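With the sequence shown counted from 1, adding 4 to any position gets you this note's numbering. The C-beta atom is built at its ideal place from N, Cα and C for all residues, glycine as well. Quick caveat, the model's predicted, so the values are computed rather than measured.
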Amino acid sequence: MHSRRQFLGTTLSSLAMASLAAAAGPAFAAGFGQAAAAAGGGIARRAIPSSGEQIPVIGAGTSGSFEATPGTEKYEQLKLVLKEFFEGGGTVFDTSPNYGGADEVLGTLLAEGNWRPRCFLATKIAADSHEAAVAQWQESLRRLRTDKVELLQVHNLRDWKRQLPYAQELKAQGKTRYVGVTHYVASGLPELEQVMRTQTLDFIQINYSPNATEAAKTVLPLARDKGIAVLINRAFDDGRLFPKVSGKPLPAWAGEAQVGSWSQVFLKFALSAPAVTAVIPATSRPDRQLDQFKAGLGPMLSPAQQQDVIRAVA
5 MHSRRQFLGT
15 TLSSLAMASL
25 AAAAGPAFAA
35 GFGQAAAAAG
45 GGIARRAIPS
55 SGEQIPVIGA
65 GTSGSFEATP
75 GTEKYEQLKL
85 VLKEFFEGGG
95 TVFDTSPNYG
105 GADEVLGTLL
115 AEGNWRPRCF
125 LATKIAADSH
135 EAAVAQWQES
145 LRRLRTDKVE
155 LLQVHNLRDW
165 KRQLPYAQEL
175 KAQGKTRYVG
185 VTHYVASGLP
195 ELEQVMRTQT
205 LDFIQINYSP
215 NATEAAKTVL
225 PLARDKGIAV
235 LINRAFDDGR
245 LFPKVSGKPL
255 PAWAGEAQVG
265 SWSQVFLKFA
275 LSAPAVTAVI
285 PATSRPDRQL
295 DQFKAGLGPM
305 LSPAQQQDVI
315 RAVA
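Below, the structure is given as structure tokens:
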């Protein structure tokens, strides 16, 4: 069943990506193929459609990587991750109140390094009632050591009919600049599409990777048409992609695409889909943070190169 689903997803995504590239035309080449990098060779930046604000295409997440105790070796490594991230030109950091305390670790690190002014901070509401959401939001601000965030998202569409209006209310109060919704698996895409068609959103966050391309069929084109920014999670499919390419050389076009690792290939694959604004891979290792930044340099992948990546992990 899984292999059949993969086959269908790959087939549909092939058609979808081809049609997206054709529809995008010169804008694809200018806005995605060579998305303008910052002066001095920094990573590319793309605009949030609802405001025009530019953010770097390489962001960071905290899920599975930022659970650490102050004073431990891992915590010290995370300090270096943030140093490399912000000094390398990154701004977007995504977290959640239900990532095992990762939001508190991030908030502490941002305060210790005085990085908060540089951070485009995104968090989430993951609650089942208005009262729970209000309490959770206050606790999130405490843990993150801030009085507002840049982006507030409804986590995995959880109770979105109540929580999205609450997020909009907080936006009106100046507690967040943007609102959105998230999901992390293909089964959530139909409901996500419904929300996108009926609600006012600044952002969505979804999974997209060479072995999970379902979003290319409907959600990504819809985001482009509706002017909604897109953050990509699980670009490595929680690490499952790497065993599939273990021992395989990089594609013949790696030099042309300016990629030097499979991590960069997978991130650039996600960034090459029209409508994608940024990817948010999580890591607790500063060397991997440096490697991931390189995916934001140079040209994006052509539709043919994207298909090569899909075949490499099939």
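Query                                                                                                           : Result
Those residues which DSSP pairs with Val317 across a bridge                                                     : None; Val317 has no bridge partner.
Sub-7 Å separation of Ile314 and Pro225 beta-carbons                                                            : no
Own chain, CB closer than 7 Å to Lys272, minus 5 neighbours either side, in chain order                         : Ala261, Val263, Ala299, Met304 and Leu305
Run of the beta strand (DSSP E) containing Glu154, from where it starts to where it stops                       : Val153 to Val158
Beta-bridge partners of Pro60, as assigned by DSSP                                                              : Arg49
Beta bridge counterpart(s) of Asn211 as assigned by DSSP                                                        : Asn237
Ranges of the alpha helix (DSSP H) found wholly within the region 124-188, counting only runs of at least 4     : 134-148 and 164-176
In chain order, each beta strand (DSSP E) run of at least 3 residues that lies wholly inside the region 243-312 : none
Boundaries (first-last residue) of the alpha helix (DSSP H) holding Asp229                                      : Val223 to Lys230
Under the three-state DSSP convention, the category Phe97 falls into                                            : strand
Burial state of Lys128, where buried means 16 or more other Cβ atoms lie within 10 Å                            : buried
Leu125 vs Glu143 beta-carbon contact at 7 Å                                                                     : no
Collapsed DSSP secondary structure at Gly105 in the structure displayed                                         : coil
Proximity winner among Lys230, Ala277 and Gly65, relative to Pro307 (alpha-carbon distances)                    : Ala277
Those residues which DSSP pairs with Gly65 across a bridge                                                      : Asp98 and Ala286
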